[in-house]
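Inspection log for the structure reproduced underneath, given as structure tokens.
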Amino acid sequence: MDKQKSLRLIEALSNANGVSGFENEVTSIFSKAVQDFGKVSEDHMRNVIVERGGNSGNKPVVQVDAHSDEVGFMVQAIKPNGTLRFVTIGGWSAITIPAQKVRVRNRDGEYIPAVITSTPPHFMTVEDRKKLPQVADMSIDVGATSAEEVMNDFKIDIGAPVVPDVAFDYLKDKDLLMGKAFDNRIGTACLVDTLQELNGQALDVDVVASLSAQEEVGDRGAQITVRRIKPDLSIVLEGPPADDTVVENYMIQTGMRRGPMLRDYDRSIIVNPGFQAYCLNLAKQKGIKAQRAVRTGGGNDGAAINLYQGTPTVVIGIPVRYAHTPYCYVAFEDYVSALNLVTEILKSLDADRINKF
Ligand SMILES: [Zn+2]
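To get the numbering used here, take the position in the sequence shown, counting from 1, and add 3.
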């Protein structure tokens, strides 16, 4: 892999605006990055499918998926005082929302900087300070003083998508990435690099990549891509929430610098045990760090793919500290481990092995 090229790609993807339903910037970066690796097509929902160059049409089909969207907000109503009432898109904890910088897309497609409102301490009673914030009480402030100003000068309408306003940073000394939307732009970048690594290589499977839209609102894009691809097997690349700053040591299953997480169970999927064991063994054999996770919450595109026709599916996640908040960390070494594991899996698979899953 070309590390500098990968870093530039991750930076562009992380900075791109792409709340669920508005993934255009992400899909155009992705489509350009993969154009030499196969036949690229995009549907009206902004799902992108890449049929790898050299696919035979008579080998088992492996769908390698990542989702393109990120969690964010949408303008619900414009208040007389010029602030914007909003709803959340995807899962947020209300406590991480107030006082953040965001970007609101206006009618011309321009992103306008804004701040999510909070009450200055001067106006809070002792009781107020103890209360948890509620999204319904928050608004977005673009700096206007009337609804007319918002609609006429800022050109912002109801339905405008909103994303966190965060710029990517690479912390060279620690080989650490900092930025927004690593769930799932890190998986998206890994999908590009997987196609890059395999480019020109002969495989015993046909690889079709999908960049599915709208995962954060219920795996909606993957329900479409799986029906178009009709895979025999699937690998889902994700940016799952790291738990190593959250739980006790013995419970850490998605820790930073511990390699990719292979999920056994979450609310949406029980992965195929044979395929899961195969991937974990391969990681061990090749000396690639990996960890496995049994989660009580969560969900991912693997659910939609698995349920299409029982397709054996594994989920390979690059741990993201503080996923679903504006500021996240990823260790680049975990990205490399995930990429190595995915390419080794794809290089080793054939019809016989897949039949045994
Ligand atoms: Zn995700």
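All C-beta atoms in this analysis are idealised placements derived from N, C-alpha and C, irrespective of residue type, glycine included.
Looking only at its chain, what residues have a beta carbon closer than 6 Å to the beta carbon of Ala163, apart from the 5 residues adjacent to it on each side? As a working mapping, residue 163 is identified with position 160 in the sequence shown. Excluding positions up to five away in sequence, the list reads Val78, Val107 and Arg108.
Any non-hydrogen atom of ligand 1 within 8 Å of Gly21 CB: One-based indexing of the sequence shown puts residue 21 at position 18. No, the Cβ of Gly21 stays beyond 8 Å of every heavy atom of ligand 1.
Opposite Tyr173 in the DSSP bridges: which residues? The residue you call residue 173 lines up with position 170 of the sequence shown. According to DSSP, Tyr173 bridges with Leu180.
State yes or no: is the C-beta of Glu218 nearer than 8 Å to some heavy atom of ligand 1? Sequence index remark: in the sequence shown, residue 218 carries index 215 (1-based). Checking every heavy atom of ligand 1 against the Cβ of Glu218, one is found closer than 8 Å.
For Asp222, which three-state DSSP category applies? One-based indexing of the sequence shown puts residue 222 at position 219. Of the three classes helix, strand and coil, the one that applies to Asp222 here is coil, per DSSP.
Alpha carbon to alpha carbon, how far is Leu265 from Met48? Give it in angstroms, no decimals. As a working note, residue 48 is residue 45 in the sequence shown. As a working note, residue 265 is residue 262 in the sequence shown. Cα to Cα, Met48 sits roughly 28 Å from Leu265.
N- and C-terminal bounds of the beta strand (DSSP E) containing Pro167: What you label residue 167 is simply residue 164 of the sequence shown in a count that begins at 1. Start and end: Pro164 to Pro167.
List, from N- to C-terminal side, the alpha helix (DSSP H) runs of 4 residues or more that fit wholly inside the segment 17-85. 27-37
Find the nearest neighbour of Asp111 within the set Arg188, Phe157, Gly94 and Glu151, judged by alpha-carbon distance. Taking the sequence shown and counting its residues from 1, one reaches residue 111 at position 108. When each option's Cα is compared against that of Asp111, the closest is Phe157.
If I measure Cβ to Cβ from Asp186 and keep anything under 6 Å in the same chain, skipping five residues before and after, which residues do I get? One-based indexing of the sequence shown puts residue 186 at position 183. Once the five neighbours on either side are set aside, the close Cβ partners of Asp186 are Gly242, Val323 and Ala326.
Using only the heavy atoms of ligand 1, determine whether one of them is closer than 8 Å to the beta carbon of Lys125. As a working note, residue 125 is residue 122 in the sequence shown. The sequence shown places His at residue 125, rather than the Lys named in the question. Outside the cutoff, so no.
Pairwise C-alpha distance: Gly258 and Ser59: One-based indexing of the sequence shown puts residue 59 at position 56. One-based indexing of the sequence shown puts residue 258 at position 255. Between Ser59 and Gly258, the C-alpha separation is close to 39 Å.
Should the segment 87-98 be regarded as contacting the segment 131-142, the criterion being three or more beta carbon pairs within less than 8 Å? yes
Can you confirm whether the segment 294-303 touches the segment 265-276 when touching is taken to mean that 3 or more C-beta pairs between the two stretches lie within less than 8 Å? yes
For Ile159 and Glu113, the rounded distance between their alpha carbons: Position 110 of the sequence shown holds residue 113. Position 156 of the sequence shown holds residue 159. Between Glu113 and Ile159, the C-alpha separation is close to 10 Å.
What is the residue span of the beta strand (DSSP E) that Tyr114 lies within? As a working mapping, residue 114 is identified with position 111 in the sequence shown. Per DSSP, Tyr114 belongs to the beta strand (DSSP E) from Tyr114 to Ile119.
Rounding to the nearest angstrom, what Cα-Cα distance links Lys287 and Pro244 in this structure? Within the sequence shown, the letter at position 284 stands for residue 287. Within the sequence shown, the letter at position 241 stands for residue 244. Each residue's Cα considered, the two are about 23 Å apart.
Length of the line joining the Cα atoms of Val29 and Ala184: The residue given as residue 29 occupies position 26 in the sequence shown. The residue given as residue 184 occupies position 181 in the sequence shown. Rounded to whole angstroms, Val29 to Ala184 spans 11 Å at the Cα level.
Which of helix, strand or coil does DSSP assign to Val325? To locate residue 325, count along the sequence shown from 1; it is residue 322. Just to set this straight, residue 325 is Tyr in the shown sequence, not Val. DSSP places Tyr325 in coil when its eight states are reduced to three.
Here's a check: name, in chain order, each residue in its chain whose Cβ is nearer than 6 Å to the Cβ of Thr328, leaving out the five neighbours to either side. Along the sequence shown, read from residue 1 onward, the residue named residue 328 stands at position 325. Within the same chain, Thr328 has close Cβ partners Thr99.
Can you tell me where the beta strand (DSSP E) with Arg106 in it begins and where it stops? In the sequence shown, counting from the first residue as 1, residue 106 sits at position 103. Looking at the DSSP string, the run of the beta strand (DSSP E) that includes Arg106 is Lys104 to Arg108.
Roughly how many angstroms separate the alpha carbons of Ile308 and Gly24, rounded to a whole number? Position 305 of the sequence shown holds residue 308. Position 21 of the sequence shown holds residue 24. Rounded to whole angstroms, Ile308 to Gly24 spans 20 Å at the Cα level.
Secondary structure at Thr197, three-state DSSP: helix, strand or coil? Residue 197 sits at position 194 when you count from the first residue of the sequence shown. It is helical.
Coil, strand or helix - Ile161 by DSSP: Here residue 161 corresponds to residue number 158 of the sequence shown, with the count starting at 1. Coil.
Excluding sequence positions up to five away, which residues of its chain have a Cβ less than 7 Å from the Cβ of Ile321? Position 318 of the sequence shown, counted from the start, is the residue given in the question as residue 321. Here the set comprises Ile189, Gly190, Cys193, Gly242, Pro263, Val333, Asp337, Tyr338 and Ala341.
Going by the beta-carbon positions, is the gap between Ile232 and Asp46 smaller than 9 Å? For this step, residue 232 is matched to residue 229 along the sequence shown. For this step, residue 46 is matched to residue 43 along the sequence shown. The answer is no: Cβ separation not under 9 Å.
Short check: CB of Ser213 to CB of Asn50, under 9 Å? Within the sequence shown, numbered from 1, the residue matching residue 213 stands at position 210. Within the sequence shown, numbered from 1, the residue matching residue 50 stands at position 47. Yes, these two residues count as a Cβ contact at 9 Å.
Once the 5 residues before and after Ile115 are set aside, which same chain residues still bring their CB inside 7 Å of it? As a position in the sequence shown, residue 115 is number 112, starting the count at 1. Excluding sequence neighbours, Ile115 sits near Arg106, Val107, Asn109, Val145, Phe157 and Ile159.
Using a Cβ-based criterion (distance less than 8 Å to any ligand heavy atom), does Asn187 qualify as near ligand 2? This structure simply doesn't include ligand 2; it includes ligand 1 instead.
First and last residue of the alpha helix (DSSP H) that includes Thr316? Reading the sequence shown from its first residue, position 313 is the one you call residue 316. First-last for Thr316: Thr316 to Gly320, but that is the beta strand (DSSP E), not the alpha helix (DSSP H).
Report buried or exposed for Asn343, applying the criterion of at least 16 other Cβ atoms within 10 angstroms of its Cβ. Locating residue 343 in the sequence shown gives position 340, where the first residue counts as 1. By the 10 Å Cβ count, Asn343 comes out buried.
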